[in-house]
Amino acid sequence: MFLQKRTFNQIVELRKILKFNLSKELEKHIPNLHVLISTPSHLAYVTAERIKKAKNLQLLLTAGIGSNHVNLKTTATSGLTIVEVTGSNTISVVKDELMRILILIQNFFPGRHHVINGDWNVARITHISYDLKGKTIGIVDTRCIGRLLLQCLKPFNCNLLYHDRLKMDPELESQIEEKFEKNLDKML
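Anchor point for the sequence shown: position 79 equals 79 in the UniProt record's numbering, and the numbering is continuous, going up by one each time.
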């Protein structure tokens with residue numbers, strides 16, 4: 001509402017994303033945009049062609065880490081301001097990584113396949129399913145996402161290792177109960 005009252009177009013609503021191709025929807029609005037917000041879930045690929053079409057575009061806001069969906073060379077010469085909101089998807093990335101760990105260790109996909117085929121045999125599926133308790137998990141880079149992932153893994157009673165250029169604060173390291181591994185090759 002705030003942006004609509006100030007003549008900015010709301011280019012994407014959730015129901016449109018579900019019904020339409022986001023790229024085609026963006027193409028319709030690109031000539032009139034003043035601000036374009038791109039999120040990891042709904043990346044707006046900002047190509048050289050789109051920058052040329054976007055005569056009114058002044059600000060490109062990309063929520064998340066990285067700008068590989070933006071033609072930085074063309075953007076730099078166009079005078080367009082790019083703002084990156086790092087950390088905006090941190091919790092989502094942590095949840096995604098935790099989900100991947102659990103899916104792999106619990107043998108989820110073969111189990112799903114058995115269920116879909118009407119062959120639900122718990123013993124056959126779970127005999128190659130494992131518990132996280134007592135398993136060793138290593139995390140590289142613990143400044144933000146890695147640190148939060150370690151904190152999420154603590155209740156599973158895993159052996160937690162981490163490698164980073166700098167050691168964590170000793171108090172935090174003690175709370176999470178993980179071990180610093182200076183040698184990355186040894187940890188791997």
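Built from N, CA and C at the ideal position, the CB exists for glycine as well.
- Each residue's CA atom was taken as its position, placing Cys158 and Leu60 some 42 Å apart.
- Excluding its 5 nearest sequence neighbours in each direction, Ala54 has C-beta neighbours in its own chain below 6 Å: Ile30 and Leu33, listed in chain order.
- The distance from the Cβ of Leu80 to that of Leu57 is about 6 Å, consistent with a contact at the 8 Å cut-off.
- In summary, Ser174 is exposed, with fewer than 16 beta-carbon neighbours lying within 10 Å of its beta-carbon over all protein chains present.
- Per DSSP, the beta bridge partners of Leu61 are Ile37 and Val83.
- Taking C-beta atoms under 8 Å as the contact rule, Val140 and Leu184 qualify, at a distance of about 7 Å.
- For the 8 Å CB-CB criterion, Pro110 and Ile125 form a contact.
- In this structure, the straight-line span from the alpha carbon of Lys28 to that of Ala48 is close to 16 Å.
- Taking C-beta atoms under 8 Å as the contact rule, Thr62 and Val70 qualify, at a distance of about 7 Å.
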